[in-house]
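Enquirer: The structure follows.
There are 2 protein chains.
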Amino acid sequence: MRIGDLAGESGLTTKTIRYYEQVGLMPAPPRTSGGYRDYPTEAASRLAFIRDAQHAGLTLAEIRSILALRDSGESPCSHVSDLIDQHLEEINQRMAELRKTRIALRDLAQRAADTDPASCIDTDICRIFRQPR
Amino acid sequence: MRIGDLAGESGLTTKTIRYYEQVGLMPAPPRTSGGYRDYPTEAASRLAFIRDAQHAGLTLAEIRSILALRDSGESPCSHVSDLIDQHLEEINQRMAELRKTRIALRDLAQRAADTDPASCIDTDICRIFRQPR
DNA sequence: CTTGACCTTCCAGTGAAGTGGAAGGTCTAG
DNA sequence: CTAGACCTTCCACTTCACTGGAAGGTCAAG
Numbered sequence: 001m002r003i004g005d006l007a008g009e010s011g012l013t014t015k016t017i018r019y020y021e022q023v024g025l026m027p028a029p030p031r032t033s034g035g036y037r038d039y040p041t042e043a044a045s046r047l048a049f050i051r052d053a054q055h056a057g058l059t060l061a062e063i064r065s066i067l068a069l070r071d072s073g074e075s076p077c078s079h080v081s082d083l084i085d086q087h088l089e090e091i092n093q094r095m096a097e098l099r100k101t102r103i104a105l106r107d108l109a110q111r112a113a114d115t116d117p118a119s120c121i122d123t124d125i126c127r128i129f130r131q132p133r
Numbered sequence: 001m002r003i004g005d006l007a008g009e010s011g012l013t014t015k016t017i018r019y020y021e022q023v024g025l026m027p028a029p030p031r032t033s034g035g036y037r038d039y040p041t042e043a044a045s046r047l048a049f050i051r052d053a054q055h056a057g058l059t060l061a062e063i064r065s066i067l068a069l070r071d072s073g074e075s076p077c078s079h080v081s082d083l084i085d086q087h088l089e090e091i092n093q094r095m096a097e098l099r100k101t102r103i104a105l106r107d108l109a110q111r112a113a114d115t116d117p118a119s120c121i122d123t124d125i126c127r128i129f130r131q132p133r
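Protein chains in written order, with UniProt numbering: chain S, 1 to 133; chain Z, 1 to 133.
Listed below in structure tokens is the structure:
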């Protein structure tokens, strides 16, 4: 299978597939006599795995670590579990931050609605953003 | 006030303050005879404004647009309101995405816990991530 | 007069995940 | 035989908000 076919099948671009090879996510495939990459069918499922794991919020570096483990013959299950737990933790933190920011923004929106534009001029740039501190 | 004093007061580095000048967030201050930047006291409140707005989730580009409006003598109030509303919308979207991802991850964690590691070997890399599709 | 803290400019790099383009090689259909 | 669709490598660029470092200038204290 040539890189264009694999790209079509996986929904990625040929650029991205070569990039994945460059950064160690995909093994270098054999070449045809003309120098073209010649992918085995498993390549598609490896790309699907990368897509799925990425969709679950893992970075390419983490996916690489899972694939490296798997490629060395080890079962990456517990490693995967750890990464998943870690990402859940990160998501919870990120959501808590967003909730805080949202509250701050709603407060600002209220202040903006209540502020007479004329009173803004000549104050410290824009009083809407001033935090009581 | 020299740049180091301003940095100490604002909690930023001198590098960052020069960067803000370079990208148009801070006006170029007058110089001393020796070529040092000599900041007026208002500089500190402008930096505080930048910090607060950034903390509210605005990008430096957006903050620049507010400051440019303000510097031109216009009241940026309605512009600020628009930006705030826009950011609230973005945050809501981002949180919805995170909730989806969190559900997906919890599902994966469950599957990982239920999966016999031995059954992982020789399947399509790691079945935990396979999406039913 | 020298040391050292502070300042100046300019250039380059970070991380994440690719994207764009140039210059050239290969293969298939008409 | 040639057009054009596809492939190759290599290098640079993207966004965002800085950060690091080199080479050199300024200023106050000892």
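Note that beta-carbon positions come from the ideal geometry of N, C-alpha and C, so glycine has one too.
Can you grab the Cα-Cα spacing for the pair Thr-14(Z) / Arg-64(Z), in whole Å?
Expert: Distance between the alpha carbons of Thr-14(Z) and Arg-64(Z) is about 19 Å.
Enquirer: Of the residues Ile-103(S), Pro-40(S), Arg-51(S) and Leu-69(S), which one's Cα is nearest the Cα of His-87(Z)?
Expert: Closest by alpha carbon: Ile-103(S).
Enquirer: Measuring alpha carbon to alpha carbon, tell me which of Ser-33(S), Thr-16(S), Tyr-36(S) and Ala-28(S) ends up nearest Glu-42(S).
Expert: Looking at the Cα atoms, Ala-28(S) is the closest of the given residues.
Enquirer: If you check the beta carbons only, do Met-26(S) and Arg-2(S) fall under 8 Å apart?
Expert: No. Outside cutoff.
Enquirer: What is the DSSP secondary structure of residue 134(S), reduced to helix, strand or coil?
Expert: Nothing about residue 134(S) can be reported from this structure: the residues present for chain S run from 1 to 133 only.
Enquirer: Using a Cβ cut-off of 8 Å (strictly closer), state whether Leu-47(S) contacts chain Z.
Expert: So, not an interface residue.
Enquirer: In the structure shown, what three-state DSSP assignment does Arg-31(Z) receive?
Expert: It is a strand residue.
Enquirer: In the DSSP assignment, find the alpha helix (DSSP H) that holds Leu-69(Z) and state where it starts and stops.
Expert: That run of the alpha helix (DSSP H) goes 60-71.
Enquirer: In three-state terms, what does DSSP make of Thr-13(S)?
Expert: Coil.
Enquirer: Quick one: list the residues of chain S neighbouring Arg-37(Z), beta-carbon separation under 8 Å, in chain order.
Expert: The contacting residues do not exist; Arg-37(Z) stays about 20 Å from chain S at best.
Enquirer: So, with DSSP's three-state summary, where would you put Ala-56(S)?
Expert: In this structure, Ala-56(S) counts as coil in the three-state DSSP scheme.
Enquirer: If Ala-61(Z) sits next to Leu-6(Z), beta carbons under 8 Å apart, how far is it from one beta carbon to the other, in whole angstroms?
Expert: About 23 Å; that fails the 8 Å criterion.
Enquirer: Using the Cβ count rule (16 or more neighbours within 10 Å means buried), how would you classify Asp-107(Z)?
Expert: Exposed is the call here.
Enquirer: Excluding the 5 residues preceding and the 5 following His-55(Z) in the sequence, name in chain order all residues of the same chain whose CB lies nearer than 8 Å to its CB.
Expert: So no residue of the chain qualifies.
Enquirer: I need the DSSP call for Val-80(S), collapsed to helix, strand or coil.
Expert: In this structure, Val-80(S) counts as helix in the three-state DSSP scheme.
Enquirer: From Thr-16(Z) to Ile-50(S), what does the alpha carbon distance come to, in whole angstroms?
Expert: Spanning the two alpha carbons is a distance of roughly 37 Å.
Enquirer: Is it buried or exposed for Asp-71(Z), if we count other Cβ within 10 angstroms and need 16 for buried?
Expert: Flag for Asp-71(Z) reads exposed.
Enquirer: Does the distance from the CB of Ala-48(S) to the CB of Ser-10(S) come in under 8 Å?
Expert: Yes, the pair counts as a contact, with Cβ atoms nearer than the cut-off.
Enquirer: Less than 8 Å between the beta carbons of Leu-98(Z) and Ile-84(S), yes or no?
Expert: For Leu-98(Z) and Ile-84(S), no; Cβs fall outside 8 Å.
Enquirer: In chain S, which residues lie with their C-beta within 7 Å of the C-beta of Arg-102(Z)?
Expert: What Arg-102(Z) touches in chain S: Leu-88 and Ile-91.
Enquirer: Using the Cβ count rule (16 or more neighbours within 10 Å means buried), how would you classify Gly-8(Z)?
Expert: Exposed is the call here.
Enquirer: Buried or exposed: where does Tyr-36(S) fall if 16 or more other Cβ atoms within 10 Å of its Cβ makes it buried?
Expert: So Tyr-36(S) counts as exposed.
Enquirer: Rounded to whole angstroms, what's the CA-CA distance from Asp-38(S) to Thr-32(S)? Just pull it up for me.
Expert: Their Cα atoms are separated by approximately 6 Å.
Enquirer: Rank Gln-110(S), Glu-89(S), Ser-81(S) and Met-95(S) by C-alpha distance to the C-alpha of Gln-110(Z) and give the top, closest one.
Expert: Of the candidates Gln-110(S), Glu-89(S), Ser-81(S) and Met-95(S), the one whose C-alpha sits nearest the C-alpha of Gln-110(Z) is Ser-81(S).
Enquirer: Assuming the contact rule is C-beta atoms closer than 8 Å, His-79(S) and Leu-67(S) should be a hit. Round their C-beta distance to whole Å, please.
Expert: Contact doesn't hold; Cβ gap of about 11 Å is too wide.
Enquirer: Which residues, in order along the segment 2-23 of chain S, keep a beta-carbon less than 8 Å from a beta-carbon of chain Z?
Expert: Result list empty, no residue passes.
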